[in-house]
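Read through the structure below, which is laid out as structure tokens, and then see the notes.
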Amino acid sequence: MKGVPVAIASNHGERSWGARAESEIAFWVKAARPGFWLTATWFYLLPFGRSASGEGGHLALGLAFWLGLIYVGFPLGMAIYAANDLTDSATDAINPRKDSFLFGARPTASQIKRLPWIITLIQLPFLIAFWVLWGPKALAWFVAVLGATAVYNFQPTRTKDRPLLDMASQAGYLLVFVLADWVRGVPSSWQLYVFGALFAMHSHGFGQILDVEPDARAGRRTTAVVLGVLRTKWLIVGLLLFECVLARALPGKSYLPPLLFLGALGFAVDALFLWRERSYPSWGAPAFFIGWNAALLLDLCWNWLRV
């Protein structure tokens, strides 16, 4: 009987360790923003057009293609999104969208201290693999990814608090196109690169509209805070209309121009008649992002499986 309490304590310790491990892994996944992985995957596949679909097409692309496809999910999310958590604790603490798998983590102080090491360890295997595939330019690519993230998040630049520059900084997502072009062995058109930059900018502007209230309370100076919600919506309308023109040059994406036009029309109607400068309902952001990810999944499956 004397051994029973020891066994119980041991089992309790095992459960506690398991619970801590589960909590830590959940934090890593939330920090990497799973809600944005399908968008990054869609970006990665855009330069391939039909070469990443059809009978045997994706299988014939080889190891480099698959490594890139894996990287733009969780590992890239840790490199660019988790870094936001290092400097956004004040905003995250009052942001109701945080601590979710769609919109990111709300880390503790101890988790923030560990985060740079976690980010580094997750990048290292891919840095080695990309170096084997492409040589020293792979290191330059990782430096560019981390450099763009640092410029956005850290002083003295910290463009995330500089109106309009915070949106322009989203052009860093074009590095996903660079990676895809290395896999393909040929450069993409300038239209694709400009389209990608504008798409990333309008997406970021929409995120700022969703976060405008907690950002303002935390003293952030984002484009949406400084310009106001209404002007930011009209800025998004302009970006979407420009994207309509550029999307006509994208291979295998004939459906994009009309969808982008509908998106511009939707924001215009919203700005004129619907929510205008008011906050969206609490269910609005999750519903939109779930719907967006469902649409992306349908698009990816259609392009992947069609012959």
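Letter by letter, the sequence shown follows residues 768 to 1074 of the working numbering.
No residue lacks a Cβ here, since even glycine has one placed at the ideal position from N, Cα and C.
{"Asked": "So, with DSSP's three-state summary, where would you put G871?", "Found": "strand"}
{"Asked": "In this structure, does DSSP put T916 in helix, strand or coil?", "Found": "helix"}
{"Asked": "As a quick exercise: from F810, W804, N862, Y960, pick the residue whose alpha carbon is nearest that of A985.", "Found": "N862"}
{"Asked": "In whole angstroms, what separates the C-alpha of D859 from that of L836?", "Found": "29 Å"}
{"Asked": "With distances taken from CA atoms, which of P930, R1015, D1037 is nearest L959?", "Found": "R1015"}
{"Asked": "Which same chain residues end up closer than 8 Å to I886 when comparing Cβ atoms and leaving out the 5 residues on each side of it in sequence?", "Found": "M845, A846, A849, A850"}
{"Asked": "Taking the C-alpha atoms as reference points, what is the distance between A917 and L932?", "Found": "14 Å"}
{"Asked": "Look up V839 in the DSSP assignment and say whether it is helix, strand or coil.", "Found": "coil"}
{"Asked": "Between the Cα of G995 and the Cα atoms of W1059, L913, R1045, V943, which residue gives the shortest distance?", "Found": "R1045"}
{"Asked": "Output yes or no for whether 9 Å exceeds the beta carbon distance between L906 and W898.", "Found": "yes"}
{"Asked": "Rounded to the nearest angstrom, how far is the Cβ of W943 from that of Y811, given a contact under 8 Å?", "Found": "First, the residue type needs correcting, since residue 943 is Val and not Trp in the sequence shown. Indeed, because the Cβ distance is near 5 Å, the residues count as touching under 8 Å."}
{"Asked": "Rounded to whole angstroms, how far is the Cβ of G955 from the Cβ of P814, which I believe are closer than 8 Å?", "Found": "Checking the sequence, you will find Ser at residue 955 rather than Gly. Their Cβ separation, rounded to whole angstroms, is 4 Å, which keeps S955 and P814 in contact under 8 Å."}
{"Asked": "Tell me which residues share the same chain as D928 and place their Cβ nearer than 8 Å to its Cβ, disregarding the 5 neighbours each side in the sequence.", "Found": "R987, R988, T989"}
{"Asked": "Measuring CB to CB, does L830 end up less than 9 Å from L900?", "Found": "yes"}
{"Asked": "Using the C-alpha atoms, what's the distance from C1068 back to Y1047?", "Found": "31 Å"}
{"Asked": "At which residues does the alpha helix (DSSP H) containing E1010 begin and terminate?", "Found": "996-1014"}
{"Asked": "Can you give me the C-alpha to C-alpha distance between S877 and F870, rounded to a whole angstrom?", "Found": "20 Å"}
{"Asked": "Please classify Q958: does DSSP put it in a helix, a strand, or coil?", "Found": "helix"}
{"Asked": "What does a CB cutoff of less than 7 Å around P1024 pick up in its chain, not counting 5 residues either side in sequence?", "Found": "C1011, A1014, R1015"}
{"Asked": "Note down, in chain order, each residue of its chain lying with its Cβ closer than 8 Å to the Cβ of V773, except the 5 sequence neighbours on either side.", "Found": "With a pLDDT of only 46 at V773, under 50, the local geometry of the prediction cannot be trusted, and the value read off the model is given with reservation. Contacts found: none."}
{"Asked": "What beta strand (DSSP E) runs, 3 residues minimum, are completely inside the region 1027-1067?", "Found": "none"}
{"Asked": "Do A1052 and L997 have their C-beta atoms closer together than 9 Å?", "Found": "no"}
{"Asked": "Assign F921 to one of three DSSP states: helix, strand, or coil.", "Found": "coil"}
{"Asked": "Nearest by alpha-carbon distance to F841: which of V1004, W795, W833 is it?", "Found": "W795"}
{"Asked": "For the candidate residues D866, L882, R864, whose alpha-carbon lies nearest to that of R853?", "Found": "First, the residue type needs correcting, since residue 853 is Leu and not Arg in the sequence shown. Considering only alpha carbons, the answer is L882."}
{"Asked": "Using only the alpha-carbon positions, how far apart do L1008 and G952 sit?", "Found": "31 Å"}
{"Asked": "Rounded to the nearest angstrom, how far is the Cβ of L1082 from that of G974, given a contact under 8 Å?", "Found": "Residue 1082 falls outside the range modelled here, since the chain spans only 768 to 1074, and no answer is possible."}
{"Asked": "If the criterion is Cβ atoms closer than 9 Å, does the pair V839 and L977 meet it?", "Found": "no"}
{"Asked": "Sort L1029, Y919, I792 by Cα distance to G1005 and report the nearest one.", "Found": "L1029"}
{"Asked": "Is the beta carbon of N1060 sitting closer than 9 Å to the one on L805?", "Found": "yes"}
{"Asked": "So A798 packs on A872, CB below 8 Å; how close in whole Å?", "Found": "4 Å"}
{"Asked": "Check each candidate in I1057, K1020, K1000, D855 and name the one with the smallest Cα separation from Q922.", "Found": "D855"}
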